[in-house]
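So the structure is just underneath, and the comments pick up after that.
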């Protein structure tokens, strides 16, 4: 008898209704969160947005950097 199935991660795909107001969830994002967009906004739950890192300078050698590495 297996009590816990550790191979499969827990998902909320089976959630079809908002946990706050019980309305039907229509988008995959809402189902993953378990709450609709209107209720999430009312509760102050911000949607997750992908993080974009921009403006990072290209790697350049600094004066004295190689001297530091040579001393090691």
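Numbering (the working numbering), first residue to last: 244 to 315.
Glycine included, C-beta positions come from ideal geometry on N, C-alpha and C.
Which one or two residues does DSSP pair with residue i in a beta bridge?
| i | result |
| --- | --- |
| residue 297 | Its beta-bridge partners do not exist; DSSP assigns none. |
| residue 259 | Paired residue(s): none; residue 259 is not in a bridge. |
| residue 267 | 260 |
When we look at the beta-carbon of residue i and count the other beta-carbons within 10 Å, is it buried (16 or more) or exposed?
| i | result |
| --- | --- |
| residue 279 | buried |
| residue 268 | buried |
| residue 276 | buried |
Which whole-angstrom value is the C-beta distance of residue i and residue j, which I expect to be below 8 angstroms?
| i | j | result |
| --- | --- | --- |
| residue 274 | residue 262 | Actually they are not in contact, since the Cβ atoms of residue 274 and residue 262 sit about 11 angstroms apart, beyond 8 angstroms. |
Taking C-alpha atoms, which residue in the options lies nearest to residue i?
| i | options | result |
| --- | --- | --- |
| residue 264 | 294, 286, 257, 292 | 286 |
| residue 290 | 257, 297, 271 | 271 |
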